[in-house]
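In my numbering, the protein residues as written are 367 to 757. Here a beta-carbon is modelled for each residue, glycine too, at the ideal position from N, C-alpha and C. Note that this is a predicted model, so its numbers are computed, not measured. Report on the structure given below.
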Ligand SMILES: [Zn+2]
């Protein structure tokens with residue numbers, strides 16, 4: 367995974383039929399819009415050739431795709447004998463791995479994840495990920511990984527990509543970047559020492575890769591983003607003040623607070639070495655989009671984000687971004703969706719490290735008993751956001 371990916375959280379499988387349809391509208395106008403969204407979702411599903419296979423419970427299509435039902439949170443084989451779902455609640459996925467990544471559980475009746483081709487494929491990819499994680503020093507190349515998985519290089523590459531969304535090389539780079547960050551952030555040794563610790567054989571190769579991995583040179587990174595240019599503006603919103611900040615890669619911070627000064631201090635704390643400059647009028651459109659996002663989180667956010675975090679944090683944030691407005695998730699469930707069910711504390715840590723309020727909706731995480739739990743920008747704001755999203 368690219369370490370500082372410019373990501374758009376709209377689109378893909380989080381389409382209108384998913385989260386917006388679930389949003390409970392506060393007013394008549396919203397009811398009309400929600401009805402329209404549902405009608406559109408129904409039409410989209412009915413036009414999809416895969417829906418015909420589902421309607422016919424076509425056994426021959428088993429293994430070609432799975433379908434998920436938003437109201438039950440379950441995904442099925444096309445031939446599942448269970449009661450047929452309403453088309454407006456249905457979305458399609460290439461396989462069990464993708465449906466699971468989106469937070470759906472396998473159906474108990476048709477067991478779409480059991481024994482099939484797809485399960486074997488997901489297991490092979492998972493094994494390759496473990497191999498890459500274990501060998502951060504000198505990650506095995508594509509040929510070696512493919513051999514281990516018992517596939518040709520091109521088939522393995524395609525499979526890895528379809529399950530994880532990134533290439534094996536990008537995944538290995540992401541691991542090294544994460545390790546590098548830990549080392550650079552963690553102690554005072556020389557940059558060269560850190561390079562060898564992070565598994566780069568020669569510093570030449572390292573400098574070549576550093577900009578790609580960190581988005582800045584190593585010395586800059588150690589100095590807290592020294593030299594990186596970040597523009598920001600503060601505006602009023604219904605939750606108080608909101609600070610929007612943007613690097614050359616995208617929106618890198620959205621912070622909430624009572625007044626502008628503490629927000630600026632928080633931004634400085636998060637990017638201590640960066641050159642911060644207050645933005646001029648040409649930034650007004652960005653600020654307006656950020657205010658609109660805070661105003662109506664269910665509408666989503668369509669500006670690129672500059673997400674800075676470890677591979678693990680990014681996985682947690684991606685899982686968070688898939689939680690629709692109007693819904694919440696527990697830390698334990700989020701850990702499960704991240705693929706690390708044992709790492710509940712680390713998941714909570716990743717939520718707390720989020721710099722993009724609302725855009726990465728860490729306010730949608732509750733304690734397992736439904737308690738509000740903490741929020742970086744104040745429990746009252748968290749409650750207010752959740753109330754608004756529930757309608
Ligand atoms: Zn089923």
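Of all alpha-carbon atoms in 497, 410 and 724, the one lying nearest the alpha-carbon of residue 458 is that of 410. Per DSSP, the unbroken alpha helix (DSSP H) holding residue 464 starts and ends at 462-467. Here residue 445 has 423, 424, 425, 427, 428 and 476 as same chain residues with Cβ atoms under 8 Å from its own Cβ, once five neighbours each way along the sequence are excluded. Relative to ligand 1, residue 495 has its C-beta separated by 7 Å or more from all heavy atoms. Taking a C-beta distance under 8 Å as the contact criterion, residue 666 and residue 757 do not qualify as a contact pair. Segment contact: the stretch 609-620 against the stretch 715-722, three or more CB-CB distances shorter than 8 Å; contact assigned. The Cβ atoms of residue 595 and residue 641 lie closer than 8 Å to each other. Each residue's CA atom was taken as its position, placing residue 631 and residue 681 some 28 Å apart. In this structure, ligand 1 has no non-hydrogen atom nearer than 7 Å to the beta-carbon of residue 416. With a cut-off of 7 Å, the C-beta of residue 448 is classified as near ligand 1, since at least one heavy atom of the ligand falls inside that distance. It is roughly 15 Å from the alpha-carbon of residue 738 to the alpha-carbon of residue 754. Under the three-state reduction of DSSP output, residue 623 falls in the strand class. For residue 443, the number of other beta carbons within 10 angstroms of its own is at least 16, and it is reported as buried.
By the neighbour-count criterion, in which 16 or more other beta carbons inside 10 Å mark a residue as buried, residue 704 falls on the buried side. For the stretch 603-648, the full-length alpha helix (DSSP H) segments reaching 4 residues or more read 626-636 along the chain.
In this structure, residue 416 lies near residue 431, with their beta-carbon atoms less than 8 Å apart.
Scanning the stretch 669-739 from its first residue to its last, the whole alpha helix (DSSP H) runs of 4-plus residues come out as 677-687, 697-704 and 710-718. Contact annotation, residue 751 with residue 663: C-beta distance approximately 7 Å; criterion of less than 8 Å satisfied. In this structure, ligand 1 has no non-hydrogen atom nearer than 7 Å to the beta-carbon of residue 425. The beta-carbon separation of residue 707 and residue 701, rounded to 5 Å, stays under the 8 Å limit for a contact. Cβ contact annotation for residue 679 (same chain, cutoff 7 Å, sequence separation greater than five): 716 and 719, in chain order.
Sixteen is the threshold: since fewer than 16 other Cβ atoms of the shown chains lie within 10 Å of the Cβ of residue 437, the residue is exposed.
Secondary structure at residue 495: helix, using DSSP grouped into helix, strand and coil. Between residue 634 and the set 616, 519, 611 and 525, the nearest pair of CA atoms involves 611. In this structure, the C-beta of residue 443 approaches ligand 1 to less than 7 Å from one of its heavy atoms.
In this structure residue 747 is buried. Its beta-carbon is surrounded by 16 or more other beta-carbon atoms within 10 angstroms.
Short note on residue 436: C-beta not closer than 7 Å to any heavy atom of ligand 1. Only residues of its own chain outside the window of five on either side were considered, and among them 600 and 607 have a CB closer than 6 Å to the CB of residue 626, listed in chain order. Where residue 432 is concerned, there is no enclosing alpha helix (DSSP H), although the beta strand (DSSP E) around it starts and stops at 432-435. Here DSSP, grouped into helix, strand and coil, assigns residue 663 to helix. Shortest Cα-Cα distance from residue 515 to any of 468, 647 and 493 involves 493. Contact check for residue 598 against residue 661 fails: the beta carbons are separated by 8 Å or more. With a 10 Å radius around the Cβ and a threshold of 16 neighbouring Cβ atoms, residue 604 comes out exposed.
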